[in-house]
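Colleague: Numbering (our numbering), first residue to last: 10 to 238. We put the beta carbon where it would ideally sit given N, CA and C, even for glycine. Here it is, the structure in full.
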Amino acid sequence: MTSDNLESSEPSPLLFSVVKILSDNGLRKTLKRLRKETKCKKLKEKHLPEEIKNADFNKMVSALFKKRKRSQNKTERKTKKPEESSKVLNGFVKSSKGLESTIEESKQSDSGNSQASDNSGPNQNESDAPTSGVPFRRIQDEVWLNRIEKEELKVNSYKMKNDAFGQKAAEELGSVKGKDFKSQKYKKKRSSWSGSGEITSSVNSFCFYTLTLPKQPIYPKNNSNMENV
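Structure, rendered in structure tokens:
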């Protein structure tokens, strides 16, 4: 087809729609480029048919994208459902090689477990009855205390626990208040464990008394006496 034929012939509706889209978006330079390439002077807004003039391509494109999103969401939901259904339950085996299912075996095993639990129910209640309300202990005192022969080793507490010295320290601490309480408490604890004896509140520092000099001088006033000396 020659250039004369292109200029004389009417452009296709596709080209008219392209002109409509470019003019709506304000792309004038691209319209000129399109006319030069096609060599068709009718590619203008004047020559657009009424159907294309009244059409709104932006709405059409947005509607198409919405339909695509809806279709994608539907496909995702469809793919999720078989994945959920393909989950393997406890006691079942999923095989991709077409092996036989283990539904009947699992039912039999479940029934056997239920019978065993029914039989062991009263025994469990009997064993749980005495231990109810007793706190859990990882180390059982009865087991390892029976193995120890010496009774001295069984008691691992401080011998002088409630002696008069400890009671006195507690009474003294009762009168201490404020910031000094913590320091005094640790002092008394250390002294009680190290066995330093009684805690005294007396002052251990000593006072140096000032020496009073005599009012009269020690040496004689007479110079003659000093010379004789």
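Determine the contact status of L57 and V28, defining contact as a CB-CB distance below 8 Å.
Modeller: The sequence position of residue 57 within the sequence shown is 48, counting from 1. The sequence position of residue 28 within the sequence shown is 19, counting from 1. Yes, Cβ-Cβ distance for L57 and V28 is below 8 Å.
Colleague: Grouping DSSP H, G and I as helix and E and B as strand, with all else coil, what is S32?
Modeller: Locating residue 32 in the sequence shown gives position 23, counting from the first residue. Reduced to three states, the DSSP call for S32 is helix.
Colleague: Using 10 angstroms around the beta-carbon of A178, count the other beta-carbons present and answer buried if the total reaches 16, otherwise exposed.
Modeller: In the sequence shown, the residue the question calls residue 178 occupies position 169. By the 10 Å Cβ count, A178 comes out buried.
Colleague: Count the other CB atoms within 10 Å of the CB of K197; is the residue buried (16 or more) or exposed (fewer)?
Modeller: Position 188 of the sequence shown, counted from the start, is the residue given in the question as residue 197. By the 10 Å Cβ count, K197 comes out buried.
Colleague: Can you look up A64 in the DSSP assignment and give me helix, strand or coil?
Modeller: Taking the sequence shown and counting its residues from 1, the one referred to as residue 64 is at position 55. If DSSP states are grouped into helix, strand and coil, A64 belongs with coil.
Colleague: Here's the rule: buried if 16 or more other CB atoms are within 10 angstroms of the residue's CB, otherwise exposed. What is L23?
Modeller: Within the sequence shown, numbered from 1, the residue matching residue 23 stands at position 14. Per the 10 Å Cβ criterion, exposed.
Colleague: Quick check: the Cα distance between S192 and S141, rounded to an integer number of angstroms?
Modeller: Here residue 192 refers to the residue found at position 183 of the sequence shown. Here residue 141 refers to the residue found at position 132 of the sequence shown. The straight-line gap from Cα to Cα measures roughly 44 Å.
Colleague: Considering just the uninterrupted stretch of the alpha helix (DSSP H) at V164, what are its terminal residues?
Modeller: Along the sequence shown, one-based indexing puts residue 164 at 155. Neither: V164 is in no alpha helix (DSSP H) and is coded neither H nor E.
Colleague: Specify the secondary structure class of P58 as computed by DSSP and reduced to three states.
Modeller: The residue you call residue 58 lines up with position 49 of the sequence shown. Correct three-state label for P58: coil.
Colleague: Just verifying my parser: in three-state terms, what is the DSSP assignment at Q149?
Modeller: Counting from 1 along the sequence shown, the entry for residue 149 is found at position 140. The answer is coil: DSSP assigns Q149 none of H, G, I, E or B.
Colleague: Could you spell out where the alpha helix (DSSP H) holding E46 opens and where it closes?
Modeller: On the sequence shown, residue 46 is found 37 positions in, with the first residue counted as 1. It spans 37-47 - the alpha helix (DSSP H) in which E46 sits, taken as one unbroken run.
Colleague: DSSP three-state label for K188, please.
Modeller: Locating residue 188 in the sequence shown gives position 179, where the first residue counts as 1. Coil.
Colleague: In whole angstroms, what separates the C-alpha of G204 from that of V185?
Modeller: Position 195 of the sequence shown, counted from the start, is the residue given in the question as residue 204. Position 176 of the sequence shown, counted from the start, is the residue given in the question as residue 185. Summary for G204: the model assigns pLDDT 49, below 50, so the residue's position carries little reliability; its value from the coordinates is reported in the next sentence. G204 and V185: Cα-Cα distance of roughly 22 Å.
Colleague: Among S71, K194, K68, whose alpha-carbon lies nearest the alpha-carbon of E181?
Modeller: Working through the sequence shown from its first residue, we reach residue 181 at position 172. Minimum Cα distance to E181 is reached at K194.
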